[in-house]
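For reference, the structure is listed below as structure tokens.
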Amino acid sequence: MAKKQYKVKSPEEKKLEKQQLMDNMFKKMETYTKDPVEMKKLLTFMSNFHQYSSRNKFLINAQFNGAIGVGSFDFFKKKGFSVQKGEKGIKIFVPKNVTWFKRGNETVSLSKATKEEKEKIKQGIIRTQTKTSFGIGNVFDISQTDATEADIPKLFPNRHATYQVENQEQIEKAFVAVSNQMGIPVQNGKESRIELGVAFGGYAQYFDGDTLKEEIVLNPRNSAGENVRVLAHELSHAYLHSAKRIEEQEKKGNPIIYTTEVKELQAEMTAYVVAHHLGVDTEDTSLPYMAEWTRNGQEIEEKYKTLEEVNEAADYLIKNFDEQYDRLTTTRDLEKETLVKENAEIKVFGEEDYINEYRNTVIKQAQNDSFKAESM
Numbered sequence: 000m001a002k003k004q005y006k007v008k009s010p011e012e013k014k015l016e017k018q019q020l021m022d023n024m025f026k027k028m029e030t031y032t033k034d035p036v037e038m039k040k041l042l043t044f045m046s047n048f049h050q051y052s053s054r055n056k057f058l059i060n061a062q063f064n065g066a067i068g069v070g071s072f073d074f075f076k077k078k079g080f081s082v083q084k085g086e087k088g089i090k091i092f093v094p095k096n097v098t099w100f101k102r103g104n105e106t107v108s109l110s111k112a113t114k115e116e117k118e119k120i121k122q123g124i125i126r127t128q129t130k131t132s133f134g135i136g137n138v139f140d141i142s143q144t145d146a147t148e149a150d151i152p153k154l155f156p157n158r159h160a161t162y163q164v165e166n167q168e169q170i171e172k173a174f175v176a177v178s179n180q181m182g183i184p185v186q187n188g189k190e191s192r193i194e195l196g197v198a199f200g201g202y203a204q205y206f207d208g209d210t211l212k213e214e215i216v217l218n219p220r221n222s223a224g225e226n227v228r229v230l231a232h233e234l235s236h237a238y239l240h241s242a243k244r245i246e247e248q249e250k251k252g253n254p255i256i257y258t259t260e261v262k263e264l265q266a267e268m269t270a271y272v273v274a275h276h277l278g279v280d281t282e283d284t285s286l287p288y289m290a291e292w293t294r295n296g297q298e299i300e301e302k303y304k305t306l307e308e309v310n311e312a313a314d315y316l317i318k319n320f321d322e323q324y325d326r327l328t329t330t331r332d333l334e335k336e337t338l339v340k341e342n343a344e345i346k347v348f349g350e351e352d353y354i355n356e357y358r359n360t361v362i363k364q365a366q367n368d369s370f371k372a373e374s375m
């Protein structure tokens, strides 16, 4: 049987393929954004693929429901695994930097430059520019290969961090460290000028003289577990809805004009993705937000933009949380190790000192008794 020949696609065919991919993705997303339960599934999926762009996450999810971890053909080959025969690739957008120059009024790729043009480029006579374009590449899920579930940690060591959910205090400390890193102090409700009332917490921006200040306030009655959920939510607000970011987006011609309801939804969705990464269940608080959003009549393109920003915020918080948690855990383990060592030394030296002291006392007493006997 003759092998099927690969046909190089024209620019028009490539453009059409990209558009079809996006159309199918939006169609699938529309299903998710009309049902809060399906929306939850999408956000859960996003928490496991935080190293991918939002667009590629949605593409992977639309084509391969239940994907665990994906990689290119070469990725699996280098790791010692093979893609099973007959498996169809999952299409994603792959960035590619293209360097070009002007030949008269024509834009030409550097790869098509003549020998003379390359020499002039080298000398700086002809100037070049580099831009990023996107082609289509294929990845495969681990279930499409001969790898097993036991190989997941080896293939995707950063896929999902394992946290002890009962260790809420350590998780809370890591979130506070992330907040401090962002320049936002975390205050107890009793220490802050912000009145919380019965709220679990809040993100506040206010002017102190001419200085705009930010802070996150936690209700002192919260448990450590409640603080974890609240910090994830309020840090999402701080990342997405700060006055600084709104001003930056305005300058870029991308104004943030969301309603308060959509901002709350973004913060809660981000918190859900981050919390799921930690193994913390926030479904009870997150689902009502999602249910309301699925009924709000937003166009799918608007919902896509909303989710893109959720993805951006979740990626940022997960990356920085993991770094802070690792740092705190390493510091704590070193402190424990030092304490155990010091206690062991105290114990050893304590016993030795006690024996020496006892021996010296006996010798001294014997000498005294001898002196008394000779004096009699």
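Be aware that the sequence shown starts at 0, since it is given in numbering that gives the first Met the number 0, and climbs by one per residue. All C-beta atoms, glycine included, are put in the ideal place defined by N, C-alpha and C.
Have a look at the options and flag the residue whose alpha-carbon is nearest the alpha-carbon of residue i.
i: residue 197; options: 205, 188 and 203; result: 188
i: residue 302; options: 11, 9 and 24; result: 24
i: residue 90; options: 105, 106, 72 and 306; result: 72
i: residue 58; options: 11, 85 and 17; result: 17
i: residue 376; options: 86, 88 and 129; result: This structure gives no information on residue 376, because the portion of the chain shown stretches from 0 to 375.
i: residue 262; options: 279, 221, 308 and 243; result: 308
i: residue 267; options: 38, 80 and 184; result: 38
i: residue 265; options: 252, 305, 330 and 250; result: 305
i: residue 92; options: 108, 81, 55 and 209; result: 55
i: residue 168; options: 221, 205 and 210; result: 221
i: residue 278; options: 132, 224 and 245; result: 224
What are the start and end residues of the beta strand (DSSP E) that includes residue i?
i: residue 105; result: 105-108
i: residue 60; result: No beta strand (DSSP E) contains residue 60, which is instead part of the alpha helix (DSSP H) from 53-62.
i: residue 186; result: 185-187
Which residues in the same chain have their Cβ closer than 8 Å to the Cβ of residue i, if we skip the five residues on either side of it in sequence?
i: residue 316; result: 177, 231, 234, 235, 238, 269 and 273
i: residue 248; result: 254 and 255
i: residue 27; result: 57, 60 and 61
i: residue 10; result: none
i: residue 19; result: none
Which two residues bound the contiguous alpha helix (DSSP H) that contains residue i?
i: residue 192; result: Neither: residue 192 is in no alpha helix (DSSP H) and is coded neither H nor E.
i: residue 177; result: 167-180
i: residue 273; result: 259-277
i: residue 218; result: Residue 218 -> no alpha helix (DSSP H), and no H or E assigned at all.
i: residue 281; result: Taken as a continuous stretch (DSSP letters only), residue 281 belongs to no alpha helix (DSSP H), as it is neither H nor E.
Taking the DSSP output, what are the residues bridged to residue i?
i: residue 100; result: 107 and 127
i: residue 210; result: 207
i: residue 25; result: Beta-bridge pairing links residue 25 to no other residue.
i: residue 70; result: 139
i: residue 90; result: 137
i: residue 95; result: 132
Excluding sequence positions up to five away, which residues of its chain have a Cβ less than 7 Å from the Cβ of residue i?
i: residue 218; result: 188, 195, 198, 199 and 200
i: residue 125; result: 100, 116 and 119
i: residue 14; result: none
i: residue 159; result: Below a pLDDT of 50, predicted positions are generally treated as unreliable, and residue 159, at 44, falls in that range; the measurement from the model is reported next regardless. For residue 159, where only same-chain residues beyond five positions count, the Cβ hits under 7 Å are 47 and 276.
i: residue 191; result: 214 and 216
Any beta carbon of chain D sitting closer than 8 Å to that of residue i?
i: residue 83; result: Judged by its chain identifiers, the structure shown contains no chain D, having just a single protein chain.
Give me, in chain order, the residues of the same chain whose beta-carbon lies closer than 6 Å to that of residue i; leave out the 5 immediate sequence neighbours on both sides.
i: residue 313; result: 269, 272 and 273
i: residue 290; result: 35
i: residue 202; result: 215, 233, 236 and 237
Stretch pair the stretch 269-289 + the stretch 224-240: three plus CB contacts closer than 8 Å:
Taking 8 Å as the limit for Cβ pairs, the verdict is that the stretch 224-240 does touch the stretch 269-289.
Whether or not the stretch 58-73 and the stretch 318-329 are in contact is what I'm after, with contact meaning three or more pairs of Cβ atoms, one per stretch, closer than 8 Å; do they touch?
The stretch 318-329 is not in contact with the stretch 58-73.
Are the stretch 31-46 and the stretch 112-132 in contact at 8 Å, needing three or more beta carbon pairs?
Segment contact: the stretch 31-46 against the stretch 112-132, fewer than three CB-CB distances shorter than 8 Å; contact not assigned.
Within 8 Å, do at least three Cβ pairs link the stretch 115-133 to the stretch 141-151?
At 8 Å Cβ cutoff, the stretches do not touch.
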